[in-house]
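Under the working numbering, think of the first position of the sequence shown as 139, with each following residue one higher. Heads up, the beta-carbon is just placed ideally off N, CA and C, and yes, glycines get one too. Contents: one structure, followed by commentary.
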Amino acid sequence: MSSARNTRIEYHDGLEKKRKMISTLRAQGLSDEEIAKQIVDSRNQDRLSHYKTPEALDVVYKRNLKKYQNKTALPTSPNLKNTAGLKALLMLR
139 MSSARNTRIE YHDGLEKKRK MISTLRAQGL SDEEIAKQIV DSRNQDRLSH
189 YKTPEALDVV YKRNLKKYQN KTALPTSPNL KNTAGLKALL MLR
């Protein structure tokens, strides 16, 4: 199997896990904002896990600190659920 195909399969598997996570969190009574925060945190951890060296990760941390004032992620806010990707995931019921 090609590397690109494997990456795409992993991506879709990750989306399915996030859909299940959303369903579980909804069943627990969490608000869309609370769910969005957890999904963003999960997505950012997934993204950061692809940087294989401390040097590469350090570059990302520095960029994020400069751009978002947060080394691991985009800024959190009550409007997280309004981002296109999260809005699409949250609509899956």
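- Out of 176, 210, 204 and 201, the CA that lies nearest to the CA of residue 187 is found in 210.
- Per DSSP, reduced to three states, the secondary structure at residue 199 is helical.
- Under the DSSP assignment, residue 176 falls in the alpha helix (DSSP H) whose first and last residues are 170-186.
- Closest in alpha carbon position to residue 181, among 204, 196, 165 and 155, is 155.
- Annotation: the continuous alpha helix (DSSP H) that includes residue 141 extends over 141-165.
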